[in-house]
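Enquirer: First, the structure itself, so that you have it in front of you.
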Amino acid sequence: MDLSYSAEDLAFRDEVRTFIRDSLPTHIRDKVAAQQHLSKDDYVTWQKLLHGRGWMAPHWPKEWGGCDWSPVQRHIFDEELNFGNTPRIMPFGTKMLAPVLLKFGTEAQKQRFLPRILSSEDWWCQGYSEPGAGSDLAGLKTRAERRGDHYVVTGQKTWTTLAQYADWMFVLVRTDPGAKKQEGISFILMDMRSKGVSVRPIRTIDGSAEINDVFLDEVEVPVENLVGEENKGWTCAKYLLGHERSGIAGIAHSKKMLEKLRRVAAEETIGGRPLIEHGPFRDKIARIEVELMALEYTNLRALANETRGAMPGPEPSILKVRGTEIQQAITELFVEAAGPYALPFLPEALEGGANVEPVGPDGAAAFAPTYLNWRKTSIYGGSNEIQKNIVSKILLRA
Amino acid sequence: MDFGLSEQQQLLRDSIERFVQDEYAFDARRKIVASEEGLSRDHWRTFAELGLLALPFAEDEGGIGGDGVDTMVVMEAFGKGLVVEPFLPTVILCGSLLKLAATAEQRAGLLPGIIDGETLLAFAHGERRARHDLGHVEAKAARSGDGFVLDAAKSVVLGAPSATQFIVSARTAAGISLFLVPADAAGLSVRPYLTIDGQRAGEVTLAGVTVGAEALLGPDGGALPLIERAVDIATAAVCAEAVGCMQATFERTRDYLNTREQFGTKIGNFQALQHALVDMFVELEQSRSMAIVAAVHAGSDDDAARRRAISAAKVQIGKSGRIIGQTAVQLHGGMGMTDEMQVGHYFKRLTAIEQSFGDSDHHLARFQGG
Chain L
251 MDLSYSAEDL AFRDEVRTFI RDSLPTHIRD KVAAQQHLSK DDYVTWQKLL HGRGWMAPHW
311 PKEWGGCDWS PVQRHIFDEE LNFGNTPRIM PFGTKMLAPV LLKFGTEAQK QRFLPRILSS
371 EDWWCQGYSE PGAGSDLAGL KTRAERRGDH YVVTGQKTWT TLAQYADWMF VLVRTDPGAK
431 KQEGISFILM DMRSKGVSVR PIRTIDGSAE INDVFLDEVE VPVENLVGEE NKGWTCAKYL
491 LGHERSGIAG IAHSKKMLEK LRRVAAEETI GGRPLIEHGP FRDKIARIEV ELMALEYTNL
551 RALANETRGA MPGPEPSILK VRGTEIQQAI TELFVEAAGP YALPFLPEAL EGGANVEPVG
611 PDGAAAFAPT YLNWRKTSIY GGSNEIQKNI VSKILLRA
Chain R
242 MDFGLSEQQQ LLRDSIERFV QDEYAFDARR KIVASEEGLS RDHWRTFAEL GLLALPFAED
302 EGGIGGDGVD TMVVMEAFGK GLVVEPFLPT VILCGSLLKL AATAEQRAGL LPGIIDGETL
362 LAFAHGERRA RHDLGHVEAK AARSGDGFVL DAAKSVVLGA PSATQFIVSA RTAAGISLFL
422 VPADAAGLSV RPYLTIDGQR AGEVTLAGVT VGAEALLGPD GGALPLIERA VDIATAAVCA
482 EAVGCMQATF ERTRDYLNTR EQFGTKIGNF QALQHALVDM FVELEQSRSM AIVAAVHAGS
542 DDDAARRRAI SAAKVQIGKS GRIIGQTAVQ LHGGMGMTDE MQVGHYFKRL TAIEQSFGDS
602 DHHLARFQGG
C-alpha cells in the first residue's frame, strides 16, 4: 500500500493550481471566498475558461472531451478547484445528463448536446421531483402524450435548482399511465423556451431563491428528444442518481470550509484568547476533521475500485450520507464561531461587490444563511433516509 | 411538589394563546416582519391591555407582580406564535434591570410609560469582543461635572431600532455601570437590521453622549451582578419561548407525517421517521422540564442554585432546539426548506435562541462553576 502522491501527481497539482491562479477572474474568486451569490455569468465565465483548457468534464470519455485522469488526479483537481475558490461546475449537464446520454443516448443526441454542455452554451436543469413525487420519485404524474412526432407534456416539476438560468431541462414524464409505476416513465429533453413552460421561484428559509417550481402546460417536445426507449426512463433515472450521489459528498469543499472555519476561529476571541484555542471548540473541529479524513480515504478506495472495474456497491450512498452530515456540521460550527454576531440578517452583504459594514467577523453575514441552506443537502439527491434504504437492501441481500 | 399552573396563570395562558391564534397566524406575522418597524403597534397596545407590559412590576407601582412562572406562561405562548414584538428586551430584560437597580424615582419616571406601551427599551450591552461574556465591557463612561460622557460601540442589541430608551453598560473609574439614555440623545445612533429569525436588532453607537448623574442606574461600578441576574431571568424566558417553538414544531411535524403520502402510504408509517419523531418528542419533554426548573429559579437570590438551574436549562434547550429544528426540516423534506412552511421559521428562532444569552458551551462551563 502507498497513500502518498507520486511525483507526477504533485506536478499535476501544481499545473492545476497555476492555471486557476492565472485565469480565474479576481472578482469571481472573491465572491466565492466570501460565500456570496454568484450570477449566471460568473459560472459561465469560469466554465468557459475551464473548457478552453480542456478541463470542463474530466470524467467524460476522452473522445467526448474528457481527460483520462486517474482517480487520484480527479481528486486533486477537485481539491484545487475548491481551494482556489472557483465557482462549482454546474453538475446538471456534465455530471447528471451526460452519463445518461453517453449510456442511453443516440449518436445524434450525443453529437447535438454533449459539445454544447462542454462549451457552456446550454445550461441544463433537472426535472425530476414533483409536489407528489419526492422520495417516491416513481410516483411522478407529469404526463406526456404522444401526438404524431411530438410529445405533449403537462404537469409540474419542483425544487428545480437554477431553472431560471436554464436553456434545457431533462424531464421524467409518464408516457404510459396504465403501466406499473416504474414502467410507464420516459426520459425526455425539453427546451425551456418552449411554449407552455413557466418558472416560479421558491423562496427558501435562508432568504435565497435558487430553486423553482416549473409548470408545464401542453409543452410540445419532439419525439427525437426521447432518451433511451419509451417507458424505460426509470433505468435512465436510476443510472443518473447513482452518478449524482458520488459527487455530492463534497469532500474537497468541506476541507476548504474547515480551513476557513479555523481562520474565523483564530480571529474570534473568547475570554481574551483566540476561539481556536478554546478546548471545547477546538475538539469539535478536530472531530469533524477526523470524520472527513476517513471519508476522504473511503472515497479514494471507492474510486480505486471503480478503476479496477468493480461494480459500485453501497459506496455512493455512504459518501452522500456521511458527506452531507459533515458539510452540515461544518456550517453549524460557523454559526457557533460567530456566536451572537451570526444573528443579523444582511442579505445585501451576500451580493457580489456589496460594500456592507460587517457585524462581527468578516463574512459572518453568510454563516447563518449557509447553515440554513445546507439543510437541503440531506434532503436532495435522494434523502439520507432513502440512501440508507438503498444501503440496507444491498447489505441484507449479501 | 406541584407542577400545576394557578387558576390565574391558566387564564393568562388562555388569553395569550387566543391572541396568538387569532392575531398571529403565519401570514399576519409575515406582514409584521416585513413592515417598516418590524412590529405591530396594535399588538403592543393589546399587550398593554392584557397587562403583559406590567407583568413583572410590583403591584404598588402599577404592575401585577408576576413571577418567573408567569413569564414562562407568556413566553411559551409567544414561542408558539413566533411573536416578534420587543417584549423580551423591554419588559423582561430591561424591566428586570429596572426592578433590580433603579431608584424609586427612576422607576416612577419609567414604569408608567412601559406599562402604557409608550416606552420601549433595549439593553445596549454586548460588544464586538464580548461574545457571551457579560463582564466584557469596553464602553467608557467618563465623569464630567455631575454627570458622565459615554463612548460605546454596542453590537447586536435586540430591540434597538424601536427603543425609545436604552440601558447602556459602560465602565466608570469604579467599574461596570449602567446608564439610562434616551434614544434621541445627541451622539447616539442606531444601525438597524433584521435578524435571521425575523426580529429587529441593531448596532448602537454612543459618541460623546452626555448624561446627568440621575442617569446612573444602580451602583457605580457594581452593575455586573445585576446584569447577570437580569440576563438569567431573560435566559429562563427564552427557554420557555423555545419550548413553545418546539411544541409547535413537533405538532406540525407529527401532522405532516400523518398527511403526506409517498409510496402509497402515509409517511408516518415508515419506522425510520417514526423514531425520528419520537426523538423530537423526548427532546421536547426534557426541555419542558428544564424550562420549568429555570422559571422557578429565575428570580432566586441564591446565586449558585440559580446559575446552575439556568445554565442547565440553556444547555438542554440548546441541544433539543437543534435536534427538533433540524429533524423537523428533514422530515418535511423539500417543503421544510421553504419560506412558506412555518417549521423553517421555528427552526430559525431556535437557532437564534442558541446564540442568545450564552450558547451551550458557555452554559456547560457555567453549570460546572466556570
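Sequences listed follow chains L and R, in order.
So in the working numbering, spot 246 of the first sequence is number 496, and the numbers just go up one at a time.
So in the working numbering, spot 2 of the second sequence is number 243, and the numbers just go up one at a time.
The beta-carbon is built from N, C-alpha and C at its ideal position, and this holds for glycine as well.
No experiment lies behind these values; they were computed from the predicted model shown.
#1: Determine the burial state of residue 436 of chain L: buried for a count of at least 16 other Cβ atoms within 10 Å of its Cβ, exposed for fewer.
#2: Taking its Cβ as the centre, do 16 or more other Cβ atoms sit within 10 Å of residue 644 of chain L, making it buried, or is it exposed?
#3: Is residue 360 of chain R helix, strand or coil when you go by DSSP?
#4: Roughly how many angstroms separate the alpha carbons of residue 292 of chain R and residue 305 of chain R, rounded to a whole number?
#5: Note the first and the last residue of the continuous beta strand (DSSP E) segment covering residue 418 of chain R.
#6: Less than 8 angstroms separating the beta-carbons of residue 535 of chain L and residue 512 of chain L?
#7: Can you round the beta-carbon distance between residue 302 of chain R and residue 352 of chain R to whole angstroms, since I take them to be within the 8 angstroms contact cut?
#8: Residue 585 of chain R and residue 483 of chain R: beta carbons closer than 8 angstroms?
#9: So, does the region 504-513 of chain R touch the region 373-393 of chain R, judging by three or more C-beta pairs under 8 angstroms?
#10: Can you name, in chain order, every residue of its own chain whose Cβ lies under 7 angstroms from the Cβ of residue 546 of chain R, other than the five neighbours on each side?
#11: Less than 7 angstroms between C-beta atoms, sequence neighbours within five positions excluded: which residues of the same chain meet that for residue 557 of chain R?
#12: Taking Cβ positions only, does residue 560 of chain R come closer than 8 angstroms to chain L?
#13: At 9 angstroms on the CB atoms, spell out the chain L contacts of residue 503 of chain R, in chain order.
#14: Comparing C-alpha positions only, which one of L:569, L:278 and L:578 sits nearest to residue 563 of chain R?
#15: Tell me, please, whether the region 332-343 of chain L touches the region 363-377 of chain L by the rule of three or more beta-carbon pairs shorter than 8 angstroms.
#16: For the alpha helix (DSSP H) containing residue 279 of chain L, list its first residue and its last residue.
#17: Please confirm whether residue 305 of chain R has its beta-carbon closer than 8 angstroms to some beta-carbon of chain L.
#18: If you follow the alpha helix (DSSP H) that residue 567 of chain R is part of, which residue opens it and which one closes it?
#19: So who's on the other strand from residue 375 of chain L, going by DSSP bridges?
#20: Is the Cβ-Cβ distance between residue 409 of chain R and residue 467 of chain R less than 8 angstroms?
#21: CA-CA distance, residue 255 of chain L and residue 389 of chain L?
#22: On the three-pair Cβ rule with 8 angstroms, is the region 532-546 of chain L touching the region 262-274 of chain R?
#23: For chain L, find out if any of its Cβ atoms is closer than 8 angstroms to the Cβ of residue 571 of chain R; answer yes or no.
#24: Can the beta-carbon of residue 257 of chain R be found closer than 8 angstroms to that of residue 294 of chain R?
#25: What's the call for residue 547 of chain L, buried or exposed, on a 16-neighbour Cβ count within 10 Å?
#26: Check whether the Cβ atoms of residue 357 of chain R and residue 289 of chain R lie closer than 8 angstroms to each other.
#27: With contact counted as at least three CB pairs below 8 angstroms, one residue from each stretch, are the region 324-334 of chain L and the region 396-407 of chain L in contact?
#28: Is the shortest distance between the beta-carbon of residue 370 of chain L and the beta-carbons of chain R less than 8 angstroms?
#29: Strictly below 9 angstroms CB to CB, what residues from chain L border residue 579 of chain R?
#30: Mapping the DSSP letters down to three states, classify residue 300 of chain R as helix, strand or coil.
#31: Relative to the C-alpha of residue 467 of chain L, which candidate in L:486, L:446 and L:479 has its C-alpha closest?
#32: Check whether the Cβ of residue 523 of chain L lies closer than 8 angstroms to any Cβ atom in chain R.
#33: Could you work out which residue in R:428, R:543 and R:491 is closest to residue 470 of chain R when comparing CA atoms only?
#34: Name the residue from R:277, R:365 and R:270 whose alpha carbon lies nearest to the alpha carbon of residue 324 of chain R.
#35: Have a look at the DSSP bridge pairing and note the partners of residue 401 of chain L.
#36: What does residue 476 of chain R touch in chain A if you count any residue whose Cβ is under 7 angstroms from its own?
Expert: Taking the coordinates as given:
#1: One-based indexing of the first sequence puts residue 436 of chain L at position 186. Buried: at least 16 other Cβ atoms inside 10 Å.
#2: Within the first sequence, the letter at position 394 stands for residue 644 of chain L. Classification of residue 644 of chain L: exposed, given that the 10 Å Cβ count is below 16.
#3: Looking up residue 360 of chain R in the second sequence gives position 119. Looking at residue 360 of chain R - three-state DSSP - the assignment turns out to be coil, as it is neither helix nor strand.
#4: Position 51 of the second sequence, counted from the first residue, corresponds to residue 292 of chain R. Position 64 of the second sequence, counted from the first residue, corresponds to residue 305 of chain R. Roughly 7 angstroms between the two C-alpha positions.
#5: Reading the second sequence from its first residue, position 177 is the one you call residue 418 of chain R. Element bounds for residue 418 of chain R: 416-423.
#6: On the first sequence, residue 535 of chain L is found 285 positions in, with the first residue counted as 1. On the first sequence, residue 512 of chain L is found 262 positions in, with the first residue counted as 1. Yes, the pair counts as a contact, with Cβ atoms nearer than the cut-off.
#7: Counted from its first residue, the second sequence places residue 302 of chain R at position 61. Counted from its first residue, the second sequence places residue 352 of chain R at position 111. That belief holds up - the Cβ atoms of residue 302 of chain R and residue 352 of chain R are roughly 5 angstroms apart, short of 8 angstroms.
#8: For the purposes of this step, residue 585 of chain R is identified with residue 344 of the second sequence, where counting begins at 1. For the purposes of this step, residue 483 of chain R is identified with residue 242 of the second sequence, where counting begins at 1. Contact flag unset, no.
#9: no
#10: Within the second sequence, residue 546 of chain R is the residue found at index 305, counting from 1. Non-local beta-carbon contacts of residue 546 of chain R in its own chain, meaning distances under 7 angstroms to residues more than five positions away in sequence, involve 538 in chain order.
#11: Indexing the second sequence from 1 puts residue 557 of chain R at position 316. Taken in chain order, the residues that qualify are 527, 528 and 531.
#12: Along the second sequence, one-based indexing puts residue 560 of chain R at 319. Output row for residue 560 of chain R: interface = no.
#13: Within the second sequence, numbered from 1, the residue matching residue 503 of chain R stands at position 262. The answer, in chain order, is 382, 383, 384, 385, 386 and 389.
#14: As a first step, residue 563 of chain R is located in the second sequence; it is residue number 322 there, counting from the start. Ranking the options by Cα distance to residue 563 of chain R, first place goes to L:578.
#15: The region 332-343 of chain L vs the region 363-377 of chain L: in contact.
#16: Numbered from its first residue, the first sequence carries residue 279 of chain L at position 29. It spans 276-283 - the alpha helix (DSSP H) in which residue 279 of chain L sits, taken as one unbroken run.
#17: Within the second sequence, the letter at position 64 stands for residue 305 of chain R. Not closer than 8 angstroms to any Cβ of chain L, the Cβ of residue 305 of chain R fails to qualify, so no.
#18: What you label residue 567 of chain R is simply residue 326 of the second sequence in a count that begins at 1. Here the alpha helix (DSSP H) through residue 567 of chain R covers 544-572.
#19: One-based indexing of the first sequence puts residue 375 of chain L at position 125. Paired residue(s): L:419.
#20: Within the second sequence, the letter at position 168 stands for residue 409 of chain R. Within the second sequence, the letter at position 226 stands for residue 467 of chain R. Contact: no.
#21: The residue given as residue 255 of chain L occupies position 5 in the first sequence. The residue given as residue 389 of chain L occupies position 139 in the first sequence. Residue 255 of chain L and residue 389 of chain L: Cα-Cα distance of roughly 46 angstroms.
#22: no
#23: Within the second sequence, numbered from 1, the residue matching residue 571 of chain R stands at position 330. Output row for residue 571 of chain R: interface = yes.
#24: Within the second sequence, residue 257 of chain R is the residue found at index 16, counting from 1. Within the second sequence, residue 294 of chain R is the residue found at index 53, counting from 1. For residue 257 of chain R and residue 294 of chain R, no; Cβs fall outside 8 angstroms.
#25: As a first step, residue 547 of chain L must be located in the first sequence, where it is residue number 297. Flag for residue 547 of chain L reads exposed.
#26: As a position in the second sequence, residue 357 of chain R is number 116, starting the count at 1. As a position in the second sequence, residue 289 of chain R is number 48, starting the count at 1. Cβ distance < 8 angstroms, so residue 357 of chain R and residue 289 of chain R count as in contact.
#27: no
#28: Counting from one through the first sequence, the residue named residue 370 of chain L turns up at place 120. No, residue 370 of chain L lies away from the interface with chain R (no Cβ there is under 8 angstroms from its Cβ).
#29: As a working mapping, residue 579 of chain R is identified with position 338 in the second sequence. Per Cβ cutoff of 9 angstroms: 452, 453, 454, 455 and 461.
#30: Residue numbering aside, residue 300 of chain R sits at position 59 when the second sequence is read from its first letter. The answer is helix: DSSP assigns residue 300 of chain R an H, G or I state.
#31: In the first sequence, counting from the first residue as 1, residue 467 of chain L sits at position 217. Nearest C-alpha to residue 467 of chain L: L:446.
#32: Counted from its first residue, the first sequence places residue 523 of chain L at position 273. No, residue 523 of chain L does not count as interfacial toward chain R.
#33: Taking the second sequence and counting its residues from 1, one reaches residue 470 of chain R at position 229. Of the candidates R:428, R:543 and R:491, the one whose C-alpha sits nearest the C-alpha of residue 470 of chain R is R:543.
#34: Here residue 324 of chain R refers to the residue found at position 83 of the second sequence. For residue 324 of chain R, the nearest C-alpha among the options comes from R:270.
#35: Here residue 401 of chain L refers to the residue found at position 151 when the first sequence is read from its first residue. Residue pairing for residue 401 of chain L: DSSP places it in a beta bridge opposite L:396 and L:471.
#36: In the structure shown, chain A cannot be found, because the protein chains are L and R.
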